[in-house]
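Residue numbers (this note's numbering), protein chains in the order written: chain D, 4 to 375; chain P, 4 to 375.
The beta-carbon is built from N, C-alpha and C at its ideal position, and this holds for glycine as well.
From a predicted model like this one, the values you see are computed outputs, not experimental measurements.
2 protein chains.
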Amino acid sequence: MNSPNYEERRHKLLKNFRGQQDLAVDGMLITGPANVRYLTGFSGDSSWLFLAAANTIILSDSRYETQLADECPGVDVEIRDASSTSNDMAAGVISKANVKRIGIESDHLTLSQHAALCGKITAAQLIPTSGLVERLREVKDPWELEQIREAIHIAQRGIAVVRSSLRPGQTETEVRYLLEAAMRDFGANGTAFEPIVGVGPTAALPHAHAGSRRISESPILLIDWGAQTASHYRSDLTRVFFTGKPTTEMEQVYKIVLQAQQAAIKAIRPGVKCSDVDMIARRLIEDAGFGKYFGHGLGHGFGLEIHESVRMSPLSTQEFEAGMVVTVEPGIYLPGKFGVRIEDDILVTTEGNEVLSCVPREFEEAIVPFLA
Amino acid sequence: MNSPNYEERRHKLLKNFRGQQDLAVDGMLITGPANVRYLTGFSGDSSWLFLAAANTIILSDSRYETQLADECPGVDVEIRDASSTSNDMAAGVISKANVKRIGIESDHLTLSQHAALCGKITAAQLIPTSGLVERLREVKDPWELEQIREAIHIAQRGIAVVRSSLRPGQTETEVRYLLEAAMRDFGANGTAFEPIVGVGPTAALPHAHAGSRRISESPILLIDWGAQTASHYRSDLTRVFFTGKPTTEMEQVYKIVLQAQQAAIKAIRPGVKCSDVDMIARRLIEDAGFGKYFGHGLGHGFGLEIHESVRMSPLSTQEFEAGMVVTVEPGIYLPGKFGVRIEDDILVTTEGNEVLSCVPREFEEAIVPFLA
Chain D
4 MNSPNYEERR HKLLKNFRGQ QDLAVDGMLI TGPANVRYLT GFSGDSSWLF
54 LAAANTIILS DSRYETQLAD ECPGVDVEIR DASSTSNDMA AGVISKANVK
104 RIGIESDHLT LSQHAALCGK ITAAQLIPTS GLVERLREVK DPWELEQIRE
154 AIHIAQRGIA VVRSSLRPGQ TETEVRYLLE AAMRDFGANG TAFEPIVGVG
204 PTAALPHAHA GSRRISESPI LLIDWGAQTA SHYRSDLTRV FFTGKPTTEM
254 EQVYKIVLQA QQAAIKAIRP GVKCSDVDMI ARRLIEDAGF GKYFGHGLGH
304 GFGLEIHESV RMSPLSTQEF EAGMVVTVEP GIYLPGKFGV RIEDDILVTT
354 EGNEVLSCVP REFEEAIVPF LA
Chain P
4 MNSPNYEERR HKLLKNFRGQ QDLAVDGMLI TGPANVRYLT GFSGDSSWLF
54 LAAANTIILS DSRYETQLAD ECPGVDVEIR DASSTSNDMA AGVISKANVK
104 RIGIESDHLT LSQHAALCGK ITAAQLIPTS GLVERLREVK DPWELEQIRE
154 AIHIAQRGIA VVRSSLRPGQ TETEVRYLLE AAMRDFGANG TAFEPIVGVG
204 PTAALPHAHA GSRRISESPI LLIDWGAQTA SHYRSDLTRV FFTGKPTTEM
254 EQVYKIVLQA QQAAIKAIRP GVKCSDVDMI ARRLIEDAGF GKYFGHGLGH
304 GFGLEIHESV RMSPLSTQEF EAGMVVTVEP GIYLPGKFGV RIEDDILVTT
354 EGNEVLSCVP REFEEAIVPF LA
């Protein structure tokens, strides 16, 4: 497949929201940038999509006029100049379209934007909706799976370069930029997010920025990274490397995290509750006495964005479906000492699941030759 | 100054919102990440600040526990685990604080978040507010000005390296990454935003991504870039370089844009309307016959974020005040041919203004030696 079928995606959404009796909307104003991209292929921002049975219109500004013509051939485009607002345009388009109930995206409209829209739109009622496009995006189509596989491939090639070139004197920041450059060399359009590179105590901060600690300062190095393809799809992986002799505690913690991750992955299949899979990993870590050091959810969907629906946490209410792609990333963080997180990317299949990522993850494999 | 006085900033905000009779709020829930950072120094995300006369509490999750202790000593912190939500925490904190009217940030709360908060908080009323912290952030304090000057300095050192090493065979993407690396070498924490590097027709897209066009494909190269300091302050500059002999049309367009920019800058002083300054540049471009090719606003405030209040456009309603820092960036974009934008960073002073950036901008200076 060379490109996604945007028309089919829009058709699915139309069918979904027109079929929901309780919503009874006859048009939608899509304001989430990733949702607009998913439904049209447009890669810019500050642009909205108005969708109804007889309308597919992107509302944008003059900065994007040429780009829209390139990226969204066949889609109607309305361009505002510097003296009018998105709300003015939306009001105009909606009044012309003659629809009465417009679905709006509650997750992608601020209170201010909503108040301003309400002030402009008098011909139709605005009906809050949540997650309609996100729901479609949860299950990836074959073209999207190709992109995600490519994003994982690039990330894996990048980390192999970094791992093989680790030196005691390197700082976290140097490792980060080497990784970014390596991924670009293998075709990345950029990183999936700012890579986390943490030595020792920095690895105990689940969302640390790479700083000035050197590899030699601790035997433990945590890297959480991903690549972004030219098509804007992402990967998300984490590995811990031992760049010196691991302590007994490090070995113990590593093996608990790995065991929790593997047990959770094993349980993923269509129909299983996301919260149940989270609980499998959480229980194992709790039973080992580290429950209070695992404070985040087990994993999340990803694709066009790095955090997408579905989420795996004790609060999740969803079940897995074939075609979903999620991270599984339990961790144990010992403040001031070190942290371990192991993260892979998993595709839910009709039979169970497929682990898409294949960076070595056994304890022995985490020990870096020449250094440890 | 070594660090900002966060307590004073919070005190100012408290005084402001408690002094507004029409609001009559006795506490505020700050949900905009840059606003939380401005008021506390916390550099992570997913965290809210509750502020009342007797309370300064950051609501966060366990990923940020250690970072909060480092970055915000003396501020109360409430940490949620994976089985509770921000809304649960906010409701708990607000009910304990015994306040009756809570200001919320309408620009930083989605409809969904608002609905969820309303469902949890029964002890107090949520009062929409807009721009209270942004208003404080418009006028930079001396510490912030130091950071911004540093961000400009790094950006200028970076572009000097790039300019002096331009070669016909380089692609836009290669130039982009060279610029990013150079700015890091000069101390940047990263870029202020994804740099725009556009050759010829790509330069006609005001928000283009660097792609695979080579310098040799056109005599015109547009670069829009900025650095980010370790303290997260930004700069924002644009220059056009002639990497071959400019056509008469390029020279004409360049000189009109520069004239419009210089005339607009000259008009900036306290008490002048932002829309009037926009109009000065816009009229000059219109009178030269290129009005329809300048579709965006003239400039914007920046600091912790790349786009901050104030905005300069025909729709602006504000006036300049001493201490504001804004970009001035008129442009003319000829689709399929080329674009010219010239952007500098301006500090509004009590007497008028100071142009903080000093990359050469005359037409003759834009011609790159060895190439053109």
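In this structure, does DSSP put residue i in helix, strand or coil?
| i | result |
| --- | --- |
| N101(D) | coil |
| G106(P) | strand |
| P317(D) | coil |
| N90(P) | helix |
| S312(P) | strand |
| N5(P) | coil |
| Y236(D) | coil |
| D24(D) | Going by the sequence as given, residue 24(D) is Gln instead of Asp. If DSSP states are grouped into helix, strand and coil, Q24(D) belongs with coil. |
| P222(P) | coil |
| R364(D) | coil |
| G306(P) | coil |
| G2(D) | Chain D is shown only over 4 to 375; residue 2(D) falls outside these bounds and no answer can be derived. |
| I345(P) | coil |
| L148(D) | helix |
| G47(D) | coil |
| V200(D) | strand |
| G339(D) | coil |
From residue i to residue j, what distance separates their C-alpha atoms?
| i | j | result |
| --- | --- | --- |
| R364(P) | L26(P) | 47 Å |
| L139(P) | A57(P) | 21 Å |
| R12(P) | L54(P) | 12 Å |
| G44(D) | A325(P) | 43 Å |
| N356(P) | V328(P) | 9 Å |
| E175(P) | P204(P) | 12 Å |
| E141(D) | Y41(D) | 12 Å |
| V275(D) | R187(D) | 37 Å |
| L148(P) | N19(P) | 23 Å |
| A284(D) | R237(D) | 24 Å |
| F234(P) | Q265(P) | Inspection of the sequence shows that residue 234(P) is occupied by Ser rather than by Phe. Each residue's alpha carbon lies about 30 Å from the other. |
| Q173(D) | A375(D) | 15 Å |
| F373(P) | L169(D) | 39 Å |
| A118(P) | R152(D) | 37 Å |
| V371(P) | K248(P) | 10 Å |
| S115(P) | D29(P) | 24 Å |
| G47(P) | P36(P) | 8 Å |
| S6(P) | L181(P) | 31 Å |
| Q24(P) | T125(D) | 31 Å |
| S86(P) | E197(D) | 26 Å |
By Cβ distance below 8 Å, which residues in the same chain neighbour residue i in space, the five residues on each side in sequence not counted?
| i | result |
| --- | --- |
| S278(D) | M315, S316, P317, L318, S319 and T320 |
Below 8 Å between beta carbons: does that hold for residue i and residue j?
| i | j | result |
| --- | --- | --- |
| V243(P) | S221(P) | no |
| L240(P) | A158(P) | yes |
| D348(P) | I199(P) | no |
| G161(D) | A211(D) | no |
| I268(D) | F293(D) | no |
| E346(P) | V331(P) | yes |
| F305(P) | R272(P) | no |
| F297(P) | I335(P) | yes |
| P338(D) | A207(D) | yes |
| I105(P) | L32(P) | yes |
Excluding the 5 residues preceding and the 5 following residue i in the sequence, name in chain order all residues of the same chain whose CB lies nearer than 7 Å to its CB.
| i | result |
| --- | --- |
| P131(P) | I107 and S109 |
| S50(D) | V39, I61, L62, S63 and Y67 |
| T362(P) | The sequence shown places Val at residue 362(P), not Thr. If we look at V362(P) and ignore the five residues flanking it on each side, its Cβ neighbours are Q159, I162, L240 and R242. |
| E81(D) | I60, L62, M92 and V96 |
| T352(D) | A325 |
If I follow the unbroken alpha helix (DSSP H) through residue i, where does it start and stop?
| i | result |
| --- | --- |
| S63(D) | Not the alpha helix (DSSP H): S63(D) falls in the beta strand (DSSP E), residues N58 to D64. |
| L181(D) | E175 to D188 |
| I259(D) | T251 to A270 |
| T69(P) | E68 to E74 |
| E137(D) | L135 to E141 |
| Y41(D) | P36 to T43 |
| T290(P) | The sequence given here has Asp at residue 290(P), not Thr. It spans C277 to D290 - the alpha helix (DSSP H) in which D290(P) sits, taken as one unbroken run. |
Along the beta strand (DSSP E) that carries residue i, what are the first and last residues, could you check?
| i | result |
| --- | --- |
| V331(P) | V328 to V331 |
| G122(D) | Note, G122(D): premise wrong, no beta strand (DSSP E); alpha helix (DSSP H) at L114 to K123. |
| T132(P) | Q128 to T132 |
In chain order, what residues of the same chain have a beta carbon less than 6 Å from the beta carbon of residue i, not counting five sequence neighbours either side?
| i | result |
| --- | --- |
| S133(D) | S109 and D110 |
| D227(P) | I199 and T241 |
| N90(D) | A119, L120 and K123 |
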